Amino acid sequence: MRGASCLHALAGKWFRCLALAAGLLASGMSQAAGETAGEINWYVYPLPPLYIPDGPNKAEGILDLALQRHVIPALPAYQHKLIHVPLKRLELMLRDEPNACALGLFKNAEREKTMVFSTPFFAQIPPGAMIPRAQIAQLRPYLGAADKLSLSRLLEDETLTVGVQSGRSYGAAIDELLQMYKEKGKKNIFLNSAPNAAKSLFQMNALGRVNLILGYPYEASFLNGRDSADFVDLKFYPLQEQPPFLLGYVACSKSPFGELAIEQINAVLARRDLLESIASYYEGWLPEDAHPLARQVFNLAFPVKARPRK
120 MRGASCLHAL AGKWFRCLAL AAGLLASGMS QAAGETAGEI NWYVYPLPPL
170 YIPDGPNKAE GILDLALQRH VIPALPAYQH KLIHVPLKRL ELMLRDEPNA
220 CALGLFKNAE REKTMVFSTP FFAQIPPGAM IPRAQIAQLR PYLGAADKLS
270 LSRLLEDETL TVGVQSGRSY GAAIDELLQM YKEKGKKNIF LNSAPNAAKS
320 LFQMNALGRV NLILGYPYEA SFLNGRDSAD FVDLKFYPLQ EQPPFLLGYV
370 ACSKSPFGEL AIEQINAVLA RRDLLESIAS YYEGWLPEDA HPLARQVFNL
420 AFPVKARPRK
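Printed below as a string of structure tokens:
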């Protein structure tokens, strides 16, 4: 009986040890399963209606919705943190932080030195020039076929002052053109680096401090204060130097973390339903007469691939 009791006690100890070991193993496996691929710092910048930081449409901008309805939910392996940053600091964050990402950036050679880019996900009508309708006669010497404005001729002439936002890309062709004329010492390019520079430029235009503004067709109605006392009716002119459309990308820091994140993001952006949803957000902010052009731009940028015949 005593031997049986000893065996019984020994068996109990072994059982408790096995149970403890199994518990530790399960705990470790559970912890491992709960681990994430890391945290992405999503930098969002005040550029309505892409990102809307305040007001009645807060967080309902085109890229606000793309990020929070589509991109973040499709990346559950990551933790996500939204950080608001002035546009002029955006590139600095993407250069200096290994886990920084942002939606809606244009790709150019300078940015590719410090950033890794996704496949394109957003096609839009390129930035053009906006000028008060009462002053459009001043632009006639610089207009060509289809009323497209030659920005290079206008900058060379130095008669009119162009307002641009510091730290913002207007597409590779216009970025290079602006840089070239700044290096030439031209005085008719006004760089605005205010926290809400886009809104500030429209106010400066209303006061006559800049003659025209570079921007997108949706910006005039959103930022120009249609219901305010200082509203100025602006006309949008496309630029001769621009391509038919511009593509927006997700950009992440050029780091091992950023490169892996972009691989995962590309898998998300491959879904056509996501691309169509973002296109619908974009169209919703455009003047109604620009809707057909927006659809044309989308179909040019993201043509439906023909299914192979069986």
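Each residue of the sequence shown is one higher than the one before, counting from 120 in my numbering.
Where a beta carbon is used, it is the ideal one built from N, C-alpha and C, also for glycine.
It should be emphasised that the depicted structure is a prediction, and the values quoted were computed from it without experimental measurement.
Practice prompt. Please classify M249: is it buried, with 16 or more other beta-carbons within 10 angstroms of its beta-carbon, or exposed?
Written response: Residue numbering aside, residue 249 sits at position 130 when the sequence shown is read from its first letter. Classification of M249: buried, given that the 10 Å Cβ count is 16 or more.
Worksheet entry | With 16 other Cβ atoms within 10 Å as the buried cut-off, status of A141 | Taking the sequence shown and counting its residues from 1, one reaches residue 141 at position 22. With a pLDDT of 41 at A141, under the threshold of 50, the modelled position of that residue is not reliable, and no figure is offered here.
Worksheet item: Which class does V416 belong to by DSSP, given the choice of helix, strand or coil?
Response: Here residue 416 refers to the residue found at position 297 of the sequence shown. Helix.
Worksheet entry | Of the residues K232, P260, P239, the one placed nearest A386, counting alpha carbons only | Taking the sequence shown and counting its residues from 1, one reaches residue 386 at position 267. The shortest Cα separation from A386 among K232, P260, P239 belongs to P239.
Worksheet item: From N176 to L358, what distance separates their C-alpha atoms?
Response: Position 57 of the sequence shown holds residue 176. Position 239 of the sequence shown holds residue 358. Answer to the nearest angstrom: the Cα atoms are 30 Å apart.
Discussion item. Taking 6 Å as the limit between beta carbons, can you name the residues of its chain near F291, skipping five residues before and five after?
Written reply: On the sequence shown, position 172 is the one that residue 291 refers to. First, the amino acid is wrong: residue 291 is Ala here, not Phe. Counting only Cβ-Cβ distances below 6 Å, and skipping sequence neighbours, we find N227.
Worksheet entry | Coil, strand or helix - N115 by DSSP | This structure cannot settle anything about residue 115, because the visible part of the chain is limited to 120 through 429.
Item to complete: Output yes or no for whether 8 Å exceeds the beta carbon distance between I308 and F321.
Response: Working through the sequence shown from its first residue, we reach residue 308 at position 189. Working through the sequence shown from its first residue, we reach residue 321 at position 202. No, the Cβ-Cβ distance between I308 and F321 is not below 8 Å.
Worksheet entry | Coil, strand or helix - L184 by DSSP | Taking the sequence shown and counting its residues from 1, the one referred to as residue 184 is at position 65. Three-state DSSP puts L184 in a helix.
Practice prompt. Rank L297, F341, K305, P362 by C-alpha distance to the C-alpha of A317 and give the top, closest one.
Written response: Residue 317 sits at position 198 when you count from the first residue of the sequence shown. The shortest C-alpha separation from A317 is found at F341.
Worksheet item: Under the three-state reduction of DSSP, which class applies to V163: helix, strand or coil?
Response: As a working note, residue 163 is residue 44 in the sequence shown. Of the three classes helix, strand and coil, the one that applies to V163 here is strand, per DSSP.
Discussion item. Run through the DSSP bridge pairs and tell me what L200 is partnered with.
Written reply: As a working mapping, residue 200 is identified with position 81 in the sequence shown. Residue 200 is actually Lys in this sequence, not Leu. Partner(s): N160.
Worksheet item: Taking the C-alpha atoms as reference points, what is the distance between V329 and V281?
Response: In the sequence shown, counting from the first residue as 1, residue 329 sits at position 210. In the sequence shown, counting from the first residue as 1, residue 281 sits at position 162. Spanning the two alpha carbons is a distance of roughly 6 Å.
Discussion item. Comparing C-alpha positions only, which one of G223, T155, A219, H189 sits nearest to Y170?
Written reply: Your numbering for residue 170 matches position 51 in the sequence shown. The shortest C-alpha separation from Y170 is found at G223.
Item to complete: Give the straight-line distance between the Cα atoms of V423 and R390, rounded to the nearest whole angstrom.
Response: Mapped onto the sequence shown, residue 423 falls at position 304. Mapped onto the sequence shown, residue 390 falls at position 271. Their Cα atoms are separated by approximately 12 Å.
Worksheet item: Taking contact to mean at least 3 C-beta pairs separated by less than 8 Å, is the segment 295–313 in contact with the segment 263–280?
Response: yes
Worksheet entry | Beta-carbon proximity list for P362, same chain, < 8 Å, skipping 5 on both sides | Position 243 of the sequence shown, counted from the first residue, corresponds to residue 362. Counting only Cβ-Cβ distances below 8 Å, and skipping sequence neighbours, we find P245, G290, A292.
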